[in-house]
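This report refers to the structure that appears directly beneath it.
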């Protein structure tokens, strides 16, 4: 999922017995006890480019850290999208130097932002996730399978957004 551990708690999903978690579009992989199997963060020039866009306020954005999600600003589109996925509109905040796993940007189709190295995947007509180009959900699934000694024939995947296409092909 593209979701954060905070959102799993908000949606009361941790009451179900999962074997592990592939979160944040594969950038964070946890075992059944929520211990880290793999964690990948955006670094260097890619991080600077992402923060520049966040600070420019060119579009509403969520920055995703391990223990926090926060936005640069929000508008009616953000409120609509978050309501449709049963997630809150996150607080407006400032970046204080913690690791960034990914970002979500709220822009309509046709107004995508391009990045030098980062990948993006749309999951709503008004929203897309930004993450490491060699990451994604397939990367996270592979890391979980390696840890558990599973082949991909042991994986069941489902999705409804463009950010699920590579995972479904895998």
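In our numbering, the protein residues as written are 32 to 201. Note that the Cβ used here is the ideal one computed from N, Cα and C, for glycine as well. All values reported here derive from a predicted model rather than from experimental measurement.
Asked: Three or more C-beta pairs below 8 Å linking the stretch 149 to 162 and the stretch 39 to 51; Found: no
Asked: Any 3 or more C-beta pairs closer than 8 Å across the stretch 138 to 149 and the stretch 57 to 64; Found: no
Asked: Sequence-distant residues of its chain with Cβ nearer than 7 Å to residue 121 (five each side left out); Found: 93, 100, 101, 102
Asked: Contacts around residue 199, its chain only, beta-carbon distance under 7 Å, and the 5 residues preceding and following it disregarded; Found: 188, 190
Asked: For residue 53, the three-state DSSP class (helix, strand or coil); Found: strand
Asked: Closest Cα partner of residue 194 within the set 176, 174, 145, 158; Found: 158
Asked: For residue 36 and residue 55, the rounded distance between their alpha carbons; Found: 9 Å
Asked: Rounded straight-line distance, which links the Cα of residue 185 to that of residue 32; Found: 17 Å
Asked: Sequence-distant residues of its chain with Cβ nearer than 7 Å to residue 127 (five each side left out); Found: none
Asked: Beta-carbon spacing of residue 91, residue 104 below 8 Å; Found: yes
Asked: Cβ-based burial, residue 76 [other Cβ within 10 Å; buried from 16]; Found: exposed
Asked: Nearest to residue 88 (by Cα), restricted to the options 124, 130, 150; Found: 124
Asked: CB contact flag (residue 51, residue 162, <8 Å); Found: no
Asked: Cβ neighbours of residue 130 in the same chain (closer than 7 Å, five flanking residues each side left out); Found: 72, 96, 97
Asked: Buried or exposed (CB count within 10 angstroms, at least 16 for buried), residue 67; Found: exposed
Asked: Any beta strand (DSSP E) of 3 or more consecutive residues that is wholly inside the stretch 72 to 136; Found: 92 to 95, 100 to 102, 133 to 136
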